[in-house]
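Protein chains in written order, with the working numbering: chain S, 9 to 141; chain X, 344 to 713; chain U, -3 to 152; chain Y, 37 to 186.
Here a beta-carbon is modelled for each residue, glycine too, at the ideal position from N, C-alpha and C.
Okay, so here's the structure we're looking at.
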Amino acid sequence: MGMMATFRSIVKRLRGILKPLVISRYLTTKPMTLRFPEESLESVQGYRGRHLLEPEKCIGCGICVSVCPNNAIELVEFMGQRYPQIHLGKCCFCALCAEYCPRNALKMTRLATISIFDRPSAVYGPEELSKLL
Amino acid sequence: MKSNPEKEETFVPFHLPFGPQHPASGHFYGSVKVDGEEVVELEPYPGYLHRGLEKLMEYRTHIQNSVLVDRICVLEPFSNEMGYVNVVEKIAGIEAPERAQSIRTIMAELGRILSHITWIAIVSLALGLDSGARIALGDREGILRLNEVATGGRIYPCYFIPGGVRRDLPEGFEEKTLEELDYLKSQLNLYDSLIFRNETFVTRMSGVGIFNAKEAIALGATGPNLRGCGVESDVRKDEPYAAYPRVNFRVMTMKEGDAYSRVLCRRGEIAESISILRQLLQDTPKGKFRIKMTTRTPKGNAYFCCEAARGELCFHMVSDGTDKPYRVKVRGPSFSHTLSEFPYLARGAQIADIPAIYWSLDPCPPDMDR
Amino acid sequence: MSEEIISSLKSEFADSILKVFLEDKKILVTVKKEGFYDVLSSLKGMGFDHLSDVTCIDYIKEQEFEIFYHLWAHKKKLRVSVKVRIPRDSSSIRSVTDLWTGAQIHERENHEMFGVNFPGNPDLSPLFLEDWEEIPPLRKDFDTRKFVRRKYYGEE
Amino acid sequence: MEKLRPKAMIKSIHEARAWSLWVVNYFNSCGFIELFPWLGSGYDMERFGIRVVGSPRHADVLIVAGYITQKAVKRVRRIYDQMPSPKYAMALGSCCMTGGMYWDSYSTVKRIDEYVPVDVWVLGCPPRPENVGHGLMMLMKKIKGGFQGH
């Protein structure tokens, strides 16, 4: 009986070694890795990225200021009228401001690559908000 | 304890930190008292991710809270939203429309599969099976892409809101999801051969961290950890909510109650979630996906439980008539996994089994600390 | 099923139970502080073996804490919530750790967050916060925004 | 260092440092989820020579991946002190810059650069993997440009 037991344990060991080799099918398929700067997983239409302000539609009502959970939005003076200024370092990109704006002046774009070296450049005033840099 | 008597008076427990910066501990510090190779006592020190969310929720309105609340468990935001949104609707006495209920169930099941796949990646990283982990990390992108298409957010969807969901599913979402589910179904066989039936994984996981049904219930275990000991308890079956009454599925239970049976429970749940999603995607009812709800909720309190990937997630909310909740208590499933089951299971185990036991319970430290 | 439990509770603890009623498949029990432990232990005997949550609510206007014990019976598939009111200043209530071992950490968290004392609980040391000198943070008279302005933003 | 070595050698030292950043294995909160594509096979940061190492003694970059609580900030500062200089720090998400989502929480640190000097802020809650990659590229460009770190 010892022969059968050792034979069976050898088979068990072999199966344990050979079974993970099923991964070799990844040798033939297209690699999963994207070459970052050239290829990258672009954000989809409707993704909640950086804001875009249309100054002519904005009436300066301040609903976005009150609905923002992080107090990221303030109204600032710009060319005679009050527009929202968004501190992207406080914003959580939840798009409640865009949803509750009565005039649909504030929308979310797909642009999400915002990395900066210093703190002050996280504050987006009305003119930066209205232009897609 | 098996420590021999003459060593008794000179025995000084050596404190081994299973610390916050440990590749397998994920911001939870357990001070392990060790006698040689055997663990004498494990003291949990949580709190590294405690933000005091229950206090913050008292300062925000229900709409702002529905955005804050899916930061509770980082790996599975949909079940937190499902819990919070339903408890607010319970107090307000309204019912989300039919279409919103089935959209919520679809996204909750997608979140469950995503959470289980992330858990597969982390548990195989903790046990050193890197190839399976890399493939599982790569497979998450499919479901995250579906999240992004449907809700606009990758990790935090901020999608459920008291009264329904914030926007409708785009067209073609059903076909994309069905395609993704077929791919995941085939990947399950790959995970089987790479991880679940892997020789080292099985020997390291089976016979480790054993507790029977009675002990598990006394410790407050829920979800796959309790189903691993043979108790058939699943909130989706016991107290059906959202669109779960219309769906039939099997509750996976194992008998041994050791780490490997919990692993198989979760693996079975992925297959069940795929079949649930296939049933839901056949006939999503048409109609409104959101009804208007007044921001103020009447005075009263409500308690709602839903089944998160890790276990029973309960919300207890007290409202005093204003638009802000007076008090919200969140019972995260990982609270009892990490603080009462893990120290119990770690007693008497070997040091090398600590990561295996810890990740067989699938804890989520931000869910424990809130 | 739940009607028998309600009737047996009413008959057994007529004096210490203030109100028992069924509300959408959940039994809600309001108990006086003296008899709450016997009600809980009899409920455990009836098969409510899973304690899912111990919730503490701070009613600062009435100077009272309200503690909820949410129980669940695995076999009967039934949920019970037991409500107890205790005074706010010298708030202490007997620990139920000997009925459900899982209750120890819930009570320890409530002790740290509200200051409720649970005699009989083996370990009530701080859980989440490290060297915290203020009053327990989840009480209503602790204003987190004033605290944050003073400690982090430096305005008084 | 500038005086002793010719200019070409100094430039190649910066280049070598930029292409071999080692990240310490301390990912503390939500940003950690967005590093999965970089750790795993999604974008695979080994292509840029960025590797995750277990001990701070071998690391160059500390990635602060989200909100930091009062209890965790002691460990973060100790890990940062243990790292040999030149060392850099990168902050993911808005919670470490201004408190973000938990601006009124009693237990989280509002400005991480009171404890750890941060070189690159990556915004987003949590930032997309492409945004994290953009931040890593900016850090590498900054190092190539002769930034000595701390």
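At least one CB atom of chain U sits nearer than 8 Å to the CB of histidine 393 (chain X). Taking all protein chains shown into account, methionine 11 (chain S) has fewer than 16 neighbouring C-beta atoms within 10 Å of its C-beta and is therefore exposed.
Exclusion of the five residues before and after histidine 370 (chain X) leaves Pro363, Tyr391, Leu392 and Pro708 as the residues of its chain whose Cβ lies within less than 7 Å of its Cβ. Going by DSSP, proline 676 (chain X) is part of the alpha helix (DSSP H) stretching over 676 to 679.
For methionine 660 (chain X), there is no enclosing alpha helix (DSSP H); the residue is part of the beta strand (DSSP E) that begins and ends at 655 to 662. Ranked by how close their Cα comes to the Cα of valine 430 (chain X), the residues X:Pro420, X:Ile486 and X:Ile504 have X:Ile504 in first place. The beta carbons of glycine 426 (chain X) and proline 133 (chain U) sit about 23 Å from each other, so the pair does not count as a contact at 8 Å. For secondary structure counted as the alpha helix (DSSP H) over 4 or more consecutive residues, the region 570 to 602 of chain X holds these complete runs in sequence order: 578 to 581. Residue environment: tyrosine 526 (chain X) is assigned as exposed (fewer than 16 neighbouring CB atoms within 10 Å of its CB, all protein chains considered).
For leucine 562 (chain X), the chain U residues whose Cβ falls inside 7 Å of its Cβ are Thr97 and Gly98, in order along the chain. Contact between the region 652 to 665 of chain X and the region 465 to 474 of chain X is absent, with fewer than three C-beta pairs closer than 8 Å. Within the model, the alpha-carbon separation for alanine 439 (chain X) versus histidine 66 (chain U) is close to 26 Å.
Residues of chain X with a Cβ closer than 9 Å to the Cβ of histidine 66 (chain U) are, in chain order, Tyr646, Cys648, Cys657, His659 and Arg674.
In this structure, the CA atom of lysine 22 (chain U) is about 20 Å from the CA atom of alanine 10 (chain U).
When secondary structure is reduced to three states using DSSP, cysteine 69 (chain S) falls in the coil class, being assigned neither helix nor strand. The residue from X:Asp712, X:Ile700 and X:Phe685 with its alpha-carbon nearest to that of leucine 385 (chain X) is X:Phe685. Under the DSSP definition of a beta bridge, lysine 115 (chain S) partners with S:Leu60. DSSP places valine 100 (chain Y) in the uninterrupted beta strand (DSSP E) bounded by 97 to 100. Under the DSSP assignment, aspartate 482 (chain X) falls in the alpha helix (DSSP H) whose first and last residues are 473 to 494. Around phenylalanine 15 (chain S), no beta-carbon contact reaches into chain Y at under 9 Å, the shortest distance being about 38 Å. Taking the Cβ atoms as the reference, lysine 672 (chain X) lies roughly 4 Å from threonine 51 (chain U), within the contact range of under 8 Å. DSSP places threonine 461 (chain X) in the uninterrupted alpha helix (DSSP H) bounded by 441 to 469. Within 7 Å of the CB of serine 143 (chain Y), the CB atoms of chain U belong to Leu125, in sequence order along the chain.
Between the region 584 to 596 of chain X and the region 539 to 548 of chain X, the count of C-beta pairs closer than 8 Å stays below three; the two stretches do not touch. Within chain X, the C-beta atoms nearer than 9 Å to that of glycine 76 (chain Y) come from Ala464, Ala476, Arg477, Ile478, Ala479, Leu480, Gly481 and Arg483, in chain order. In this chain, tryptophan 157 (chain Y) is not harboured by any alpha helix (DSSP H); it is covered by the beta strand (DSSP E) spanning 156 to 158. The region 608 to 625 of chain X makes no contact with the region 371 to 382 of chain X, as fewer than three CB pairs between them are under 8 Å.
Put simply, the region 44 to 63 of chain S touches the region 109 to 118 of chain S. At least three CB pairs are less than 8 Å apart. Close CB contacts of isoleucine 104 (chain Y) within its chain, under the 7 Å cut and outside five residues either way in sequence, are with Asn64, Val112, Cys132, Thr144, Val145 and Ile148 (chain order). DSSP lists S:Glu85 as the beta-bridge partner residues of arginine 90 (chain S). Three or more beta-carbon pairs separated by less than 8 Å link the region 525 to 542 of chain X to the region 15 to 31 of chain S, which places the two stretches in contact. The beta carbons of valine 100 (chain Y) and alanine 127 (chain Y) sit closer together than 8 Å. Tyrosine 151 (chain Y) and cysteine 648 (chain X) have their C-alpha atoms roughly 40 Å apart. For leucine 418 (chain X) against threonine 461 (chain X), the beta-carbon gap comes to about 5 Å, under 8 Å, which counts as contact. At least 8 Å separates the CB of serine 86 (chain U) from every CB of chain X.
Residue state for isoleucine 53 (chain U) is assigned as strand, using DSSP reduced to three classes.
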